[in-house]
Amino acid sequence: MSAEERSTPPVAPTRAPPTEEQRTRAEVNRLKAIAIREALKEQAESEPTVSRPALNNATSSSSPTPGNKRSFATMANSRKGGEGRGDIAIKPARKFQKFVEYEFAKMTDTKGGFISTEDDPHSMLSAVDLRDKPAHMSLEDWAKHQLKMKLMKEKSGPYEPGLSALTMGEKEQIRCYECDTVEIDWRWYEIFKCRVCAGCKDKMPEKYSLLTKTECRNDYFLTDPELKDEELLPRMHKPNPHRSTWNNMMLYLRYQVEEFALQKWGSMENLDKEFERRNGARKKRKDDKFRAKLRSLKNKTRVESWKRSAENEKHEHVWGTAVTNTSGESVRTCEDCGFEIEELVF
């Protein structure tokens with residue numbers, strides 16, 4: 003055999019798999035064909051039965067017979083391509099029904115995509131309260147106005163009073179109690195009427211620290227009506243750090259709470275005596291409760307031990323002397339349980 007005959011035959015080239023675009027186009031064409039077929043079927047079923055023979059005759063006359071060619075007029079009157087299919091609605095596939103079509107011509111270019119600020123749920127303008135917005139004001143202007151009102155209410159940023167205090171007169175300036183500076187904490191001044199700066203608050207926590215409502219009740223023995231009266235004790239509200247769904251914390255200034263406690267109890271010695279008295283009463287209640295539980299446990303243990311001894315130990319009768327009853331029978335009686343037994347004397 004020659005070298006050409008011994009060589010292996012050429013391998014047929016493998017066909018490349020279809021691309022994603024080709025598969026998508028084939029799927030769309032298949033769905034279009036199914037939709038056209040269903041529409042034609044519905045149209046044929048909706049027509050009256052009388053017109054069906056005529057339609058069948060027309061179609062049979064227009065269709066060529068085997069071996070004959072259709073005329074030019076018949077071919078010209080026949081439908082071409084997709085003409086006459088405008089009334090047929092093409093149904094989208096099930097997996098394409100959840101897509102949303104946006105009209106980009108009506109959207110504004112925000113340089114961050116083509117979704118407008120009204121459609122974006124994470125936009126700052128969508129979070130702005132629009133209840134009191136004037137009709138002539140745009141969303142951007144309304145957002146700036148809301149931010150300005152918030153800064154004015156919190157007295158922060160350019161509206162902080164401490165930055166403009168130097169423009170006041172020497173007598174009109176509000177200064178700190180401790181260091182005589184004009185940069186005081188205006189929030190504390192509005193809530194507690196306390197003129198103190200941030201540095202003095204950190205230096206003297208024994209005077210300017212904040213107390214919770216629970217600490218005021220337990221350490222200074224103040225009642226709930228006294229703590230709820232803002233004229234007696236002003237308070238500050240803050241979110242609860244333990245859980246966001248709980249009520250806000252009520253914080254009180256330490257030196258104001260101590261001054262009110264001194265007015266209520268007279269002196270710190272009286273407050274200490276009241277503290278000792280309440281601790282003694284609390285300890286007494288705790289001891290009484292413990293003794294009551296111990297007594298109940300002892301009684302329960304004694305009853306259970308008696309039941310166990312009664313169940314486990316076997317009773318032995320201690321018989322007394324024989325006694326003759328009225329019928330002339332001799333009877334012996336147990337001295338412990340009172341059980342009687344008859345005896346026959348021979």
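Every number in the working numbering is 2 more than the matching position in the sequence shown, counting from 1.
Note that beta-carbon positions come from the ideal geometry of N, C-alpha and C, so glycine has one too.
From a predicted model like this one, the values you see are computed outputs, not experimental measurements.
Which stretch, first to last residue, makes up the beta strand (DSSP E) that contains residue i?
i, result
"M239", "Checking the displayed sequence, the identity of residue 239 turns out to be His instead of Met. Taken as a continuous stretch (DSSP letters only), the beta strand (DSSP E) holding H239 covers 238 to 240."
"V333", "332 to 335"
"E29", "Segment 22 to 48 is the alpha helix (DSSP H) holding E29; no beta strand (DSSP E) there."
"E342", "342 to 345"
Below 8 angstroms on the Cβ atoms is my guess for residue i versus residue j; work out the distance and round it to an integer in Å.
i, j, result
"R334", "G322", "6 angstroms"
"A263", "L273", "6 angstroms"
"C336", "V325", "The pair is not a contact, with the Cβ atoms about 13 angstroms apart (cut-off 8 angstroms)."
"E345", "S329", "Not quite, the Cβ-Cβ distance comes to about 13 angstroms (not below 8 angstroms), so this is no contact."
"I193", "M151", "That belief does not hold up - the Cβ atoms of I193 and M151 are roughly 20 angstroms apart, past 8 angstroms."
With distances taken Cα to Cα, identify the nearest neighbour of residue i among the options.
i, options, result
"C202", "F223, N220, E180, E278", "E180"
"R197", "I176, T216, M206", "I176"
"E185", "S158, A37, D134, K34", "S158"
"Y254", "L264, K240, V320", "K240"
"W267", "L224, W248, N281", "L224"
"T214", "A35, M206, E22, L235", "L235"
"E217", "M251, W144, T247", "M251"
"Y210", "Y191, N220, P20, D226", "Y191"
"E260", "H244, E271, Y222, P243", "Y222"
"Q258", "E278, N249, E232, P243", "E232"
"W188", "A137, P207, M154", "M154"
"E208", "H138, N249, R256", "R256"
"N349", "K43, E342, H147, W248", "No answer is possible for residue 349: it lies beyond the span of the chain, which begins at 3 and ends at 348."
"R96", "R279, C199, E29, H138", "E29"
"C178", "L229, A200, E271", "A200"
"A145", "E47, L132, E105", "L132"
Any idea which residues DSSP pairs residue i with across the strands?
i, result
"W321", "C336"
"L255", "L212"
"T326", "S332"
I need the boundaries of the alpha helix (DSSP H) containing residue i, first residue and last residue.
i, result
"I193", "188 to 193"
"K135", "Per DSSP, K135 belongs to no alpha helix (DSSP H) and is neither H nor E."
Whole runs of the alpha helix (DSSP H) within the stretch 204 to 252, excluding any shorter than 4 residues: Listed in chain order, they are 207 to 210, 215 to 222, 226 to 230.
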